[in-house]
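> Protein chains in written order, with the working numbering: chain P, 1 to 215; chain C, 1001 to 1215.
The beta carbon of each residue, even a glycine, is placed where N, CA and C say it ideally should be.
Quick one: this structure, given as structure tokens, is what I'll be asking you about.
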DNA sequence: GTTCAATATTTTGTATTCAGAATCCAAGCG
DNA sequence: CGCTTGGATTCTGAATACAAAATATTGAAC
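As structure tokens, this is what we get:
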């Protein structure tokens, strides 16, 4: 058995990320270090280390003297993040192993089609979409790029609840996924990259509209 | 007088970054927390916080039980970082305020020309190149994107000493800068973006050759 | 002189402590 | 009734303490 030893700060970071994804921490809420540390069963030291890591990744903010808080969401941030993710995913797709893409494209098409018909819970939809993109970019060997993508997408994820449960958005997204897969199957990498960019761009404005309407 | 209060961890981070840029810490070297903390006149706690921030940014690594070390350089990392910076700078340029670009392009051209003729020290060349790119992208209002660029470029900076003091590399770079500026002056944004990407791509392989030859 | 084991020293990872800043609360005053 | 002010309380930011792991050192056996 391979015994793994991970620093507490890393485990705490993962746990906070998981809770964040579950929506346990409302955006903008203050972090009470003592309480959260007690809740996690650790001392404040490794918790603060984890929070600092998350701050660099953009999920948490800190103001001098006032401690940490979960980063508030804003239309501005959403508008900034989308093109970044689009550019990074486009680059990842461009630099993917062609052989991997050829092998994987049919699967991607199948998933996109299934995605279209299945009506699922919010969490499930979110997970499906993530899986699809992960599979799409699984052939990219640029580790730094993939790490960057992971962290930037973590920031974006806080906005997806707005998109989801909108019937038309979902089927639009599924259609775009199909288009990407089809172009990959036909060997049109440049076209697939364009479609992927469009996938990230197309929803942006409509989501932004919703975001501002809600607040 | 506006009194500013910054957490120690931020000040420490800046200081370590500055020393890193000065080449005080050889790549791959272990960090002795106690010694460095004493050297900086702080305790280990905020130093570790700064190191963790730098770890997330990719400049420092940590292995469980063995502490931190300054990230080693590798051809692999360089090959990974270049296209990322290229894509991000391209996006930043694309999404810049057009009016800013029109206003700034002549200055960019002047700087590129001066850059060509002036023979300067390594530090000076490095600074000039940074200033040029900063000015080029000064019209981008996407804060998240610019922050990302700053951190990714910090990782890349550890490789520039390889490029520099090569006469032909410098004049090639200056020529590319001129091309970008000229296209901006003529209003050809798409062309400028292409040239900017090329600027990041063109040197990559030659630098990599040097990198591997050196080691 | 090498190799190995036993022990001493250093260093890390985490917990605890502490000073000072921020927040809260209630009494006093307009 | 609202506004201010003084003090109690909570919380953050940083220093210190401590246990366990890693590393260095010694010394004995071959």
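Answer with yes or no whether the minimum CB distance from residue 56 (chain P) to chain C is below 9 angstroms.
Closer than 9 angstroms to some Cβ of chain C, the Cβ of residue 56 (chain P) qualifies, so yes.
> What is the C-beta distance between residue 1151 (chain C) and residue 1057 (chain C), in whole angstroms, given that I count them as a contact (C-beta under 8 angstroms)?
About 5 angstroms separates the two Cβ atoms, so the contact holds.
> Per DSSP, residue 68 (chain P) forms a beta bridge with which residues?
Note: residue 68 (chain P) sits in a beta bridge opposite P:62.
> Got a sec? Which residues, its chain only, sit under 7 angstroms from residue 196 (chain P) by beta carbon, not counting five neighbours each side?
So the qualifying residues of the chain are 89, 90, 93 and 180.
> Using a Cβ-Cβ cut-off of less than 8 angstroms, list which residues of the segment 42 to 53 of chain P approach chain C; keep chain order.
Of all residues in the segment 42 to 53 of chain P, 45, 48, 49, 52 and 53 have a Cβ within less than 8 angstroms of some Cβ in chain C.
> Quick one: complete beta strand (DSSP E) runs, 3+ long, within the segment 21 to 105 of chain P?
Here the runs fully enclosed are 60 to 63 and 67 to 70.
> Under the rule that 16 or more other beta-carbon atoms within 10 Å means buried, what is residue 1158 (chain C), buried or exposed?
Burial call: buried.
> Any beta carbon of chain P sitting closer than 9 angstroms to that of residue 1139 (chain C)?
Output row for residue 1139 (chain C): interface = no.
> Use the C-beta contact count for residue 83 (chain P): other C-beta atoms within 10 angstroms, 16 or more gives buried, fewer gives exposed.
With 16 or more other Cβ atoms within 10 Å, it is buried.
> Buried or exposed: where does residue 1024 (chain C) fall if 16 or more other Cβ atoms within 10 Å of its Cβ makes it buried?
So residue 1024 (chain C) counts as exposed.
> Closer than 8 angstroms is the cut-off here; do at least three beta carbon pairs connect the segment 1059 to 1068 of chain C with the segment 60 to 69 of chain P?
Touching, no, given that fewer than three Cβ pairs across the two stretches are closer than 8 angstroms.
> Can you pull the chain C residues whose beta carbon is under 7 angstroms from the beta carbon of residue 81 (chain P), in chain order?
Per Cβ cutoff of 7 angstroms: 1144.
> Counting only Cβ pairs nearer than 7 angstroms, list the residues of chain P close to residue 1095 (chain C).
Within 7 angstroms Cβ-Cβ: 83.
> By Cβ distance, which residues of its chain are closer than 7 angstroms to residue 34 (chain P), with the 5 residues on each side in sequence left out?
Only 44 meet the Cβ criterion.
> If you draw a straight line from the C-alpha of residue 74 (chain P) to the C-alpha of residue 148 (chain P), how long is it?
The alpha-carbon atoms of residue 74 (chain P) and residue 148 (chain P) are separated by roughly 21 angstroms.
> With a threshold of 9 angstroms between beta carbons, is residue 216 (chain P) in contact with chain C?
Because chain P spans 1 through 215 in this model, residue 216 (chain P) falls outside it and cannot be assessed.
> Where does residue 66 (chain P) land, buried or exposed, given buried means 16+ other C-beta within 10 angstroms?
Residue 66 (chain P) is exposed by the Cβ-count criterion.
> Could you give the distance in angstroms between the alpha-carbon of residue 29 (chain P) and the alpha-carbon of residue 20 (chain P)?
Going from the Cα of residue 29 (chain P) to the Cα of residue 20 (chain P) covers about 11 angstroms.
> Going by beta carbon distance, what residues of the same chain come within less than 6 angstroms of residue 1009 (chain C), once the five residues before and after it are set aside?
Excluding positions up to five away in sequence, the list reads 1046, 1049 and 1050.
> What are the complete alpha helix (DSSP H) segments, minimum 4 residues, inside the segment 1160 to 1185 of chain C?
For the segment 1160 to 1185 of chain C, whole alpha helix (DSSP H) runs of length 4 or above, ordered along the chain, are 1160 to 1163 and 1167 to 1185.
> Under 8 angstroms, CB to CB, which of the residues in the segment 7 to 27 of chain P have a partner in chain C?
Correct list: 7 and 9.
> Starting from the C-beta of residue 42 (chain P), find all residues in its chain whose C-beta is less than 6 angstroms away, skip the five residues before and the five after it, and write them out in chain order.
If we look at residue 42 (chain P) and ignore the five residues flanking it on each side, its Cβ neighbours are 8.
> Which residue from C:1153, C:1121, C:1122 and C:1123 puts its Cα closest to that of residue 1134 (chain C)?
Comparing Cα-Cα distances from residue 1134 (chain C) to each of C:1153, C:1121, C:1122 and C:1123, the minimum goes to C:1153.
> Please report the distance separating the alpha-carbon of residue 1086 (chain C) from that of residue 39 (chain P).
Rounded to whole angstroms, residue 1086 (chain C) to residue 39 (chain P) spans 43 angstroms at the Cα level.
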